[in-house]
Structures are given as structure tokens and as C-alpha cells.
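The next block holds one structure in the form of C-alpha cells; read it before the comments.
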Amino acid sequence: MMQRVFLSILLIAFSANAFGQAPASGFDLTNYGVKIEPDKRLLVVLASLEMAQTTNPDGTFTKLINTPLSADGAKFRDQLILDNASMPADLRTRISAFVAQNKKRNPKATDAEIVAPFISMAYTLSPVPELGDPVVTSDLPGKLLDVLDYSPLVREFYKRSPISSKLDSYVKTYREQADGRLRTSTRDMVSELLEYLHTRPQLIFSEKVKVETKRPNSKTVLVQTEIREHDRHFFVVPENLAAKGDINFLNIRDDYYLIVPPDTDVSITEGRRAFLRFVIDPLILANSKEMTAVRDWAKPILEELRKTNSSISPDVFLAMSRSLVAAVDIRQAEFTKIRVATDQIRQKLPTLKTDAEKTALTTELTKQKAAFADEAAQQLFEEYQKGAVLSFYFAEQLKGVEDSGFDIASSLREMVAAFDPAKEANRISDTAEARKRALAAREERKSHPDTMAVVESPLTGKLIAIQKVIDARDLTRANADLKQLLKEYPSEPRIYYNIGRVAGLSAVGVQDPEVVAQKLLEAKVAYTNVLNTATGGTDRSLLSLTYVALARIYEFDNNSAYAIKLYDEAIKLDDISGGAFREAIAGKQRLLKPQ
């Protein structure tokens, strides 16, 4: 009994707190209009393109589409080609001819760029098995119209090739793959952004429609106004044949589609901004009548920018929406960095002994905050240059939302009302010095990439989020998240250390000795892997903690001799900040004390 109590005390002592944010274990994406689901139309279209080939002078065949794919995508491509080896030769010839002609018209385009319009085309078709053409084509963009004539070949491919019999199994594989990194990162992204905005997406869009009706036996036409409601959705579409590293985003009326390889982390900027558009577009539309002053100011600015960049849209509504999206993305990232950095300082302060050390640490935090602000200013300027001319304004207004905790949906009207054209005229000049410092800092990071601040590390952010899950004692989920993270960073000692902590904490309070032994074995293996993967640059405090944690497990197993050796290794590292020097001294003395 005493041994079990001793183990509990030792393991709980290593349950360090850390800042982080993670969605609750019951967080359901569908409650926020988000669904992760493969699209059979898209799969069929992209699979058909994989069948295109050309004949070399020596009589061998070469694929016409060789989009770079993820590892899973490359395996799927091989399986797909094998499954469709028996497809009719005449169909393959016509598919090949269409693709070859398309590539000839776009000689400078990469294969991923060639495929992009076909992805858009897939979403104009009706669901399988019909795959019918759209009824209205007049409003489709030019590049999509260029490939719309490919749709008959898509239908023929579905009917005459083996894909129809394989499609369900392909979709099942996609779903299984998406349940890892893609689902986790989507859940985290949605949770983080909505928490920052203090809002929920608008899932129903209502519009007023005028309807004309005639009375029976009368020439009188009655005009009535009806309210029509449309459901809004955000689809994350896992697709193995999507180019590795690319994110394709489509907005078709009230549906938003994010097409990515199944192993994608959608928390990167493109994925975040796609979801933010889903959240923000209806808010901008609802407040469009209040934006007269904003429109009058933005229109000439956009016209001036278009003189040097014709790709910028003159649409002021689009500029407002994109500006708010960019501002939220940039400001939320800055806000999170500041909170993480502040929490790290709070954790370090109690370990410092002198006022001078504490002052130096808080001064460093002030410098970090200033650097974050400089980088945000440069990012906002870059978005401004792309047509998001209100990005600076909205970023400033968002600080009020952060402080008040008010819903962005109810705050947007006040944001718009506070717009001051005179103040906006000086945004670029007012941020010139900050932007200059940000560019210099970027160059410094390029020259010294190993000096990246810990709060800017994606891995650190994910570990902080997992720490929150550990604090909530959802150890099963924490273990799963760590194992998933290990696939991305297989040689990262910090992940192994946290796996060891979770395994040890899982043993606390357990009455079954076999379960306790199994959990301690898992912890022992994980801590050993910390030491095996450590390099010269590994944090010495992490090594100190690991040696002591491992020593305590051997001490629990009554292997005092080896436990003392491990305590000695921790002692050799000296009394470093954040380490376990004192615990190592106490542990060794405890074992050397006559029993």
C-alpha cells in the first residue's frame, strides 16, 4: 500500500502545468457546420485524370498527370492504376487526348495547376452515379468552362471502368486516413478560432425573394416577398489525389469546400482562412448597408492598387470580407503567441532567485511582444498590398473584442461605425518603422534558423494544447494526441517525455497490479526514448527531469542500484532552471539511507 502511495506522490509531482487550449472531449464539429467527408464526384474526376498517358518514341507509356502526392497518396495512385489496368483502350485514348490538349494550351502550368480547374469542375456535377452537367453555366469562371467539356468523359469513365465497383472501398480508406491528423487539426482549428471570436458560425442564411403570382381568371399580378432559408456547410474533403502541400478552396453559394490530402494539418494559414471565410462572409453581408463610409474610402484605394496588380478584385464587399479574415488570422496568431510567452514567463519566474534575473526575464517578454507586433504589422501590410485594404483597421478593432469577450457577430456593427477615413490614410506611414524591424528580424531568422523562439514552434504549440488535455485528466485522449504527434516528429524527445508522463499518471489510483506494471513499463520505454533521441541541443532541464522520472520507476521496482545511477546523471547536470536537481539529491539520499 505504501509503495502505491509513494508512486502516486512521485507521479503527480511531475504533472507540470502549461498554457494551452484544446477543445472539450465532446467537441462535435457538426454543431458548427463542419463535416469531414470524401467527395465521390471529386474522386472520380481526379481518378480519370490519372488514366491519361502518352506514348514515348520507344513505345513505352508515360503518365500525363504526375501531381506530387503525399506518401499515402502515392500508394493510392499505384493501387488506382492497378485497379483500372483493364479499362477500355478507346476511353483511355480520349481521356489522354483531352488532357494532352489542355496541357498544350497551358505550357507553363504545373500538373497541380493543370488539375485545379478539374477540381472546380467536379463540384458543378451532380452526385454519382449521374454526374450530370450544371443547368446554368453562364456564371462559371473561364478556366472552369475550359474543362467543362471533360464531363462526358468523366461519366463514361465511371460507367465503363472498374471504379464504380471500387469507389466505396476507396471512400472507406479516405475516411480512416482522415480520422487522424486531419480530424484532430480541424477540431483544434475550429475551436481556437471560434473561441477567439467568441462566436458560432451562422448555419442558416435567410434571403428575401420577390415572387410574382397571378390570380385565377385575372391579369393582375401580385408581388409577394418570401423568406427563403439555405443551410450553410463547411466541408473538409480528404483527397489522396490532391497535390501534396496544396490546399484547394471552393465557395459554391452557401457551401465551402476545403480539399486537402488526408494527412494534412489544416491549422496552417490557408486552412484557417478558408474556415474564417465561412464564419465571416455572412457577417459582412448582414452589415453591408452600414458600410457606406468604408466603401467610399476603399474604392479609390483598390483602384490604385489595381494599377500595379490587376489580379486584385475591385469588389469592395470582397475587400472588406478578405480584410477581416486576414486581420483575424494574423491577430489571433499574435494574441496566442503573447499568451503563451506570458505563461512561460510566469512558470519560470518562481524558479529564479534574484530580482535581477526576474527583471531580465520580464524585459525579454516585453521585447518578444514588440517583435510579435512588428511581425503582425508586416503581415497586415502584405495583405493590404493584395487588396485587403482594411486589414489594419480590423486588426485594431479586434483588440477590443479580445478585451471585452463580446461576440464578433454583435460587435461588427460598432466596428464599422467607428471607421475613420482620416486615420486610415496614415496606416502605411505609421507602421513603416515596425515593418522595417519585422523584415530585419525575418532576415535574422533566415541566417540563424536554430534560434527561433519557442513560442513560434508549431510543435510547442501542439504540446501546450495537449498539456491542457492532461490537466483535464483526459489521459486517453492525451495519449492518442501524443502518438499522433509522434508520427509527425518521430525523433522529438519532448513528445516521448510527455508520453511517459501520461503513462505514469494513468497508473495513479489503479488497484490492479498488472495494469500498474504495464503503465510503468510504457512510461519506462518512453523516458528511455527521450534519452535515445536526445542530441547536443536537447534542453538540459528536460534530460534532468527524465533521469529523475526514470530513476523513480526503478526505485519503485526495488532496483535501487540502477536508480542511484540515474539520480547521479541528473545530479551531474547541476542545478539548472526547470530541472530536477534537488529531487535527484533527495532520491539518492533516500536510497543510501540505512533501512
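Be aware that the sequence shown starts at 1070, since it is given in our numbering, and climbs by one per residue. Beta carbons are placed, not taken as given, at the ideal position from N, Cα and C, and that holds for glycine. Since this is a predicted model, take the numbers as computed values, not measurements.
Within the DSSP secondary-structure output, I1273 pairs in a beta bridge with D1300.
Annotation note: the stretch 1562–1637 contains the following uninterrupted alpha helix (DSSP H) runs of length 4 or greater, listed N- to C-terminal: 1562–1576, 1582–1602, 1609–1625.
Under the three-pair Cβ rule at 8 angstroms, the stretch 1216–1234 does not count as touching the stretch 1247–1256.
Under the three-state reduction of DSSP, E1308 is assigned to coil, being neither helix nor strand. Sequence-distant partners of S1195 (beyond 5 residues in either direction) whose C-beta falls short of 6 angstroms from its own C-beta, in its chain, are G1201. Look at the beta carbons and you see the stretch 1435–1442 touching the stretch 1391–1410: at least three pairs across the two are nearer than 8 angstroms.
By the beta-carbon neighbour count (other beta carbons within 10 angstroms, threshold 16), D1550 is buried.
Here G1469 is exposed. Its C-beta has fewer than 16 other C-beta atoms within 10 Å. Straight through space, the alpha carbons of R1297 and D1365 are spaced by roughly 31 angstroms.
With a 10 Å radius around the Cβ and a threshold of 16 neighbouring Cβ atoms, R1284 comes out exposed. In the DSSP assignment, T1123 forms a beta bridge with T1131. Between the stretch 1144–1151 and the stretch 1259–1276 there are fewer than three C-beta pairs closer than 8 angstroms, too few to call the two in contact.
In this structure, the beta-carbon distance from L1619 to K1593 falls below 8 angstroms.
The beta carbon of T1615 lies closer than 7 angstroms to those of Y1566, Y1596, V1599, L1600 in the same chain, with the five residues before and after it left out. Apart from the 5 residues on each side of it in sequence, F1304 sits with its Cβ closer than 6 angstroms to the Cβ of K1104, Y1326 in its chain, given in chain order. Per DSSP, the continuous alpha helix (DSSP H) segment holding V1470 begins and ends at 1460–1473. Remark: C-beta atoms of S1392 and A1311 do not approach each other more closely than 8 angstroms. In the DSSP annotation of this structure, the continuous segment of the alpha helix (DSSP H) that includes Y1239 starts and ends at 1232–1247.
DSSP lists L1291 as the beta-bridge partner residues of T1282. As a beta-bridge residue in DSSP terms, L1327 pairs with V1305, F1318. Take the alpha-carbon of Q1448 and the one of L1374: they are about 17 angstroms apart. Annotation for A1445: I1399, E1403 place their beta carbon closer than 6 angstroms to its own, counting only its chain and skipping 5 residues before and after. Judged by DSSP in its simplified three-state form, K1537 adopts helix. Within a 10 Å sphere around the beta-carbon of F1461 sit 16 or more other beta-carbons, which makes this residue buried.
In the DSSP assignment, V1103 forms a beta bridge with F1303. Taking C-beta atoms as the reference points, P1137 and L1251 fail to come closer than 8 angstroms. Annotation: L1098 is outside any alpha helix (DSSP H) and is labelled neither H nor E by DSSP.
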